[in-house]
Amino acid sequence: MRLLSSATARLVALIFVLQIAMTGGVLLLARNAIVQQSARDRQEIVAEVANDLRAWHARGGDAALATEITSRLDTLRGENLVLLLTAADGRVIAGNLAAWPPVVARTTNWQTIDLFRTGADRAERLGISATTLPGGSHLLTGHVIESDVRYAQVSQRVLIAAFLFTVPLALIVAAAMTRAINRRVAGIADTASAVAEGDLARRVPLDGSGDSFDRLGDGVNAMLARIQTLVEELRIVTGSLAHDLRGPIFRLTATLEEARNATDDPVATAAMERVSVEAAALQTMLATAMQIAQAEAGIGRDRFGDVDVAAMLGDIGELYGPAAEDRGITLVVTPFEGHFRLHRELVSQAIGNVIDNAMRHAAGATRITVSAILSEAALTISVADNGVGIAVADRATALRRFGRLDPSRHAPGAGLGLSLVEAVAHLHDGNLALGDNAPGLRVEMTLRTQG
Amino acid sequence: MSRKILVVEDDRTTADYIVKGLVEAGYNVDRADNGRDGFFLASDGSYDVVVLDRMLPQLDGLAVLAALRAASIETPVIILSALGTADDRITGLTGGADDYLVKPFVFAELLARLQRLARRGNAPAAVETRLVCADLELDLLARRVKRGSMTVALQPLEFRLLEFLMRHPDQVVTRTMVLEGVWDYHFDPGTNIIDVHVSRLRRKIDAGFDKPLLHTVRGAGYRFGPEV
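Chains as they are written, first to last, in the numbering used here: chain A, 1 to 451; chain B, 452 to 679.
Here is the structure:
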């Protein structure tokens with residue numbers, strides 16, 4: 001798995017963030033609930049104590065209340081309590097505060113405040129309520145909530161620890177999930193590239209779970225089955241088209257041959273000669289068109305072999321060299337070392353086509369150079385001439401099937417030559433490019449290693 | 452003794468054309484218009500060559516061929532087919548055919564190939580080290596060529612071309628056969644590629660001699676041998 005391939009990285013990140021958000025959210029919620037609950041508990045205690053004390057006051061007035069306050073503060077349970085009874089004029093009657101805190105109103109339901117209790121060496125956080133008693137005295141009841149604050153701090157630390165523990169866990173889970181998803185996707189991708197390379201019978205493996213990957217695989221398989229059927233039909237159609245068209249052309253040439261043998265009339269003989277040239281051209285066109293169709297359909301990949309490229313180019317140079325020389329053109333094959341997996345016959349024919357094109361159409365050419373460059377995954381064979389070249393605007397036309405640059409169609413040829421070269425390049429997962437040789441045309445056929 | 456040829460072809464025009472030409476060339480010809488009859492006739496092994504169409508009713512040409520070879524009938528078979536790519540040809544040849552001819556073809560091509568097969572069927576080629584034709588001598592070991600008393604200097608390719616021609620003496624050899632025999636290519640190289648090679652060779656071995664050995668056969672190809 002390539003960790004940095006963007007889609008995968010995004011998927012890992014998404015799963016990770018979702019997990020973190022979920023875990024963090026749950027922890028925060030729990031913490032807040034606990035903190036709020038403890039705050040409510042304190043408030044209830046304070047309210048209870050205040051009620052109790054009011055009851056004491058109702059029974060015995062300020063004096064009884066003062067006694068009760070003092071005794072309560074002495075007990076263990078009073079450790080965390082804040083109690084203060086002041087007279088209407090503000091004088092302290094009993095309690096563990098030196099004076100009524102100025103920021104606290106005479107009557108308040110619940111207030112949090114930092115205060116020094118009598119004898120305390122530091123301020124503590126208190127939750128207090130205050131009430132005015134019958135008779136005008138004031139009662140302040142409170143409880144230290146310092147422990148709640150500490151509790152909140154501890155829970156925060158726990159929260160962070162839990163969060164930190166979650167991070168690697170979430171990463172592992174995210175990676176594992178992504179891996180599982182990638183494995184399913186890879187099954188589909190591998191199938192697609194195998195099919196692109198010509199293994200039309202390949203199908204996406206299904207696990208029968210019926211999940212969306214299985215449904216995707218199922219759809220892809222249905223599509224592949226359809227493609228396979230179409231290619232097979234094309235194979236049959238080209239085969240029978242060849243048979244059906246070649247039959248009549250064959251009968252035509254056969255009849256011509258007989259007729260030619262039967263007459264001595266020079267006019268008739270000349271006419272029949274022209275017809276047989278046309279018939280031969282027709283047959284060549286048909287054969288080339290069929291070859292193109294077959295190569296584009298990927299037919300012929302099973303005949304690929306490890307070919308000595310130098311020997312192949314040498315053969316072609318030998319074959320075309322003398323004919324080029326007769327036209328005043330030097331055919332040069334640049335020395336080259338290397339082997340490549342290709343269809344020798346088709347690639348040779350393609351290169352021959354390009355050389356033949358250059359000899360016939362590149363006006364003014366005196367030199368045709370065939371060279372090859374081999375990299376790890378690709379072989380580029382170029383045929384360059386120093387003739388007139390093809391204008392950039394016309395290059396697309398030159399590549400089009402039946403496309404001809406000579407509008408009057410005087411020069412022989414069906415305009416299928418370069419299309420065949422391109423089809424052969426496609427058969428080898430490659431492409432064909434026309435470039436400028438300054439001056440002249442440079443045709444580059446790139447073939448790529450399969451798989 | 453005239454040679455016996457069996458033509459298995461379902462298209463009547465094609466069959467008529469082939470049979471007529473072969474009879475004119477002096478062959479004894481039988482014909483069948485479907486694969487089953489073709490196999491039946493060929494299975495007695497009495498033919499010198501079988502001309503077999505690839506697409507046949509009842510029994511496909513390649514199936515006929517496979518059945519013949521399975522029955523140990525080694526009669527040379529030349530396949531005729533409308534399927535003309537290199538791959539179709541290889542399928543035919545690996546299927547046991549001795550030659551493969553793509554339709555449409557000129558009769559001369561068929562005749563040339565047929566003659567070669569008929570000859571081979573009779574006498575299996577011995578391992579030769581020297582080819583001789585009239586006063587031309589080709590030494591395969593020393594890779595030397597002599598015409599009369601003069602040594603002819605040939606390029607390696609010209610040597611191979613001459614060797615191929617000399618191995619088929621007094622037969623019509625077509626351009627396609629030359630391309631197949633010398634380069635092992637089966638496509639149409641375009642223009643007059645082969646003619647250029649042959650005329651260069653001719654300049655070297657025939658120029659300056661009274662009796663040319665390398666002749667052009669109009670509409671068919673070339674023939675190597677003394678004038679007839």
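The C-beta atom is built at its ideal place from N, Cα and C for all residues, glycine as well.
Going by the CB atoms, is the gap between residue 553 (chain B) and residue 528 (chain B) shorter than 7 Å? Here residue 528 (chain B) corresponds to residue number 77 of the second sequence, with the count starting at 1. Here residue 553 (chain B) corresponds to residue number 102 of the second sequence, with the count starting at 1. Against a cut-off of 7 Å, the Cβ pair of residue 553 (chain B) and residue 528 (chain B) comes out as no contact.
Per-residue contacts from residue 557 (chain B) into chain A (C-beta, under 8 Å): As a position in the second sequence, residue 557 (chain B) is number 106, starting the count at 1. Listed along the chain, the chain A residues whose CB falls inside 8 Å of the CB of residue 557 (chain B) are 253, 257.
Work out the CA separation of residue 31 (chain A) and residue 23 (chain A) for me, nearest whole Å. For this step, residue 23 (chain A) is matched to residue 23 along the first sequence. For this step, residue 31 (chain A) is matched to residue 31 along the first sequence. Residue 23 (chain A) and residue 31 (chain A): Cα-Cα distance of roughly 12 Å.
Let me know the beta strand (DSSP E) ranges lying completely inside the region 39 to 90 of chain A, each 3 residues or longer, listed in chain order. 81 to 86
Using 8 Å as the cut-off, can you tell me whether the region 636 to 646 of chain B makes contact with the region 348 to 358 of chain A, which would need three or more C-beta pairs spanning the two stretches below that distance? These segments touch.
With C-beta atoms as the reference, is residue 433 (chain A) less than 7 Å away from residue 444 (chain A)? Residue numbering aside, residue 433 (chain A) sits at position 433 when the first sequence is read from its first letter. Residue numbering aside, residue 444 (chain A) sits at position 444 when the first sequence is read from its first letter. Cβ distance < 7 Å, so residue 433 (chain A) and residue 444 (chain A) count as in contact.
C-alpha gap between residue 141 (chain A) and residue 156 (chain A), whole angstroms: Reading the first sequence from its first residue, position 141 is the one you call residue 141 (chain A). Reading the first sequence from its first residue, position 156 is the one you call residue 156 (chain A). Taking the straight line from one Cα to the other gives about 29 Å.
CB-CB under 8 Å to residue 514 (chain B), same chain, minus the five flanking residues each way: which ones, in chain order? For the purposes of this step, residue 514 (chain B) is identified with residue 63 of the second sequence, where counting begins at 1. Taken in chain order, the residues that qualify are 486.
Looking at the unbroken alpha helix (DSSP H) that takes in residue 419 (chain A), where does it start and where does it end? Here residue 419 (chain A) refers to the residue found at position 419 when the first sequence is read from its first residue. That run of the alpha helix (DSSP H) goes 417 to 427.
What residue does the beta strand (DSSP E) around residue 138 (chain A) start on, and which one ends it? Counted from its first residue, the first sequence places residue 138 (chain A) at position 138. Per DSSP, residue 138 (chain A) belongs to the beta strand (DSSP E) from 138 to 144.
Would you give the residue range spanned by the beta strand (DSSP E) that residue 290 (chain A) belongs to? Locating residue 290 (chain A) in the first sequence gives position 290, counting from the first residue. Residue 290 (chain A) -> not in any beta strand (DSSP E); alpha helix (DSSP H) instead, spanning 266 to 296.
Between residue 64 (chain A) and residue 99 (chain A), what straight-line distance do the alpha-carbon atoms span, to the nearest angstrom? Within the first sequence, the letter at position 64 stands for residue 64 (chain A). Within the first sequence, the letter at position 99 stands for residue 99 (chain A). Those two C-alpha atoms are separated by around 20 Å.
With DSSP collapsed to three states, give me the class of residue 506 (chain B). To locate residue 506 (chain B), count along the second sequence from 1; it is residue 55. Annotated three-state conformation of residue 506 (chain B) is coil, per DSSP.
Simplified DSSP state of residue 444 (chain A), which is helix, strand or coil: As a working note, residue 444 (chain A) is residue 444 in the first sequence. It is a strand residue.
Residue 335 (chain A): contacting residues in chain B (beta-carbon distance under 9 Å): Numbered from its first residue, the first sequence carries residue 335 (chain A) at position 335. Going along chain B, no residue has its Cβ under 9 Å from residue 335 (chain A), so there is no contact; the nearest lies around 17 Å.
Kindly list, in the order they appear in chain A, the residues whose Cβ is closer than 7 Å to that of residue 468 (chain B). Translated into the one-based positions of the second sequence, residue 468 (chain B) becomes position 17. Near residue 468 (chain B) (Cβ distances below 7 Å), the residues of chain A are 254.
Which runs of the beta strand (DSSP E), 3 residues or longer, sit entirely within the region 304 to 386 of chain A? 305 to 308, 330 to 333, 339 to 342, 367 to 374, 378 to 385
So the alpha helix (DSSP H) residue 130 (chain A) belongs to, where does it begin and stop? The residue labelled residue 130 (chain A) in the question sits at position 130 within the first sequence. From DSSP, residue 130 (chain A) is part of no alpha helix (DSSP H) but of the beta strand (DSSP E) over 124 to 132.
Could you tell me whether the Cβ atoms of residue 672 (chain B) and residue 558 (chain B) are closer together than 7 Å? By one-based count along the second sequence, residue 672 (chain B) stands at place 221. By one-based count along the second sequence, residue 558 (chain B) stands at place 107. No. Outside cutoff.
Does any residue of chain A have a CB that is nearer than 7 Å to the CB of residue 638 (chain B)? What you label residue 638 (chain B) is simply residue 187 of the second sequence in a count that begins at 1. Chain A contact via Cβ: present.
Please list, in chain order, all residues of the same chain as residue 319 (chain A) whose beta carbon is under 8 Å from its beta carbon, the five residues on each side excluded. Counted from its first residue, the first sequence places residue 319 (chain A) at position 319. Once the five neighbours on either side are set aside, the close Cβ partners of residue 319 (chain A) are 352.
Residues of the region 504 to 524 of chain B with a CB closer than 8 Å to any CB of chain A: list them in chain order, please. Residues passing the 8 Å Cβ filter: 506.
Limits of the unbroken beta strand (DSSP E) element including residue 588 (chain B): As a first step, residue 588 (chain B) is located in the second sequence; it is residue number 137 there, counting from the start. From DSSP, the beta strand (DSSP E) with residue 588 (chain B) extends over 587 to 590.
Are there 16 or more other CB atoms within 10 angstroms of the CB of residue 411 (chain A), so buried, or fewer, so exposed? Position 411 of the first sequence, counting from 1, holds the residue named residue 411 (chain A). The predicted model places residue 411 (chain A) with a pLDDT of 49, which falls under 50 and marks its position as unreliable, so this point remains unresolved.
Measuring straight from C-alpha to C-alpha, what distance separates residue 607 (chain B) and residue 567 (chain B)? In the second sequence, counting from the first residue as 1, residue 607 (chain B) sits at position 156. In the second sequence, counting from the first residue as 1, residue 567 (chain B) sits at position 116. Each residue's Cα considered, the two are about 25 Å apart.
Cα-Cα separation between residue 263 (chain A) and residue 256 (chain A), rounded to whole angstroms: For the purposes of this step, residue 263 (chain A) is taken as residue 263 along the first sequence, with counting starting at 1. For the purposes of this step, residue 256 (chain A) is taken as residue 256 along the first sequence, with counting starting at 1. Residue 263 (chain A) and residue 256 (chain A): Cα-Cα distance of roughly 11 Å.
Inter-residue spacing [alpha-carbon to alpha-carbon] between residue 244 (chain A) and residue 541 (chain B): Walking along the first sequence from the start, residue 244 (chain A) turns up at place 244. Walking along the second sequence from the start, residue 541 (chain B) turns up at place 90. Going from the Cα of residue 244 (chain A) to the Cα of residue 541 (chain B) covers about 22 Å.
Is the Cβ of residue 312 (chain A) closer than 7 Å to any Cβ of chain B? On the first sequence, position 312 is the one that residue 312 (chain A) refers to. Judged by the 7 Å Cβ criterion, residue 312 (chain A) is not in contact with chain B.
Apart from the five residues on each side of it in sequence, which residues of its chain come closer than 6 Å, Cβ to Cβ, to residue 581 (chain B)? Taking the second sequence and counting its residues from 1, the one referred to as residue 581 (chain B) is at position 130. Excluding positions up to five away in sequence, the list reads 590.
N-terminal and C-terminal residue of the beta strand (DSSP E) that residue 651 (chain B) is part of: Mapped onto the second sequence, residue 651 (chain B) falls at position 200. First-last for residue 651 (chain B): 644 to 656, but that is the alpha helix (DSSP H), not the beta strand (DSSP E).
In its own chain, which residues sit with a C-beta less than 7 Å from the C-beta of residue 383 (chain A), not counting the 5 before and 5 after it? The residue given as residue 383 (chain A) occupies position 383 in the first sequence. Within the same chain, residue 383 (chain A) has close Cβ partners 351, 354, 355, 358, 368, 370, 443.
Suppose the cutoff is 8 Å on Cβ atoms and the five residues either side in sequence are ignored; what does the same chain contact list for residue 533 (chain B) look like? Reading the second sequence from its first residue, position 82 is the one you call residue 533 (chain B). Hits under 8 Å: 505, 506, 553, 554.
Please look up how many angstroms separate the CB atoms of residue 309 (chain A) and residue 339 (chain A), rounded, as I've assumed it's under 8 Å. For the purposes of this step, residue 309 (chain A) is identified with residue 309 of the first sequence, where counting begins at 1. For the purposes of this step, residue 339 (chain A) is identified with residue 339 of the first sequence, where counting begins at 1. Confirmed, Cβ separation roughly 6 Å.
Restricting to Cα atoms, I'd like to know which of A:49, A:212, A:178, A:175 is closest to residue 127 (chain A). Your numbering for residue 127 (chain A) matches position 127 in the first sequence. For residue 127 (chain A), the nearest C-alpha among the options comes from A:49.
CA-CA distance, residue 85 (chain A) and residue 60 (chain A)? The residue labelled residue 85 (chain A) in the question sits at position 85 within the first sequence. The residue labelled residue 60 (chain A) in the question sits at position 60 within the first sequence. Distance between the alpha carbons of residue 85 (chain A) and residue 60 (chain A) is about 14 Å.
Kindly indicate the opening and closing residues of the alpha helix (DSSP H) around residue 638 (chain B). Here residue 638 (chain B) refers to the residue found at position 187 when the second sequence is read from its first residue. From DSSP, residue 638 (chain B) is part of no alpha helix (DSSP H); its letter is neither H nor E.
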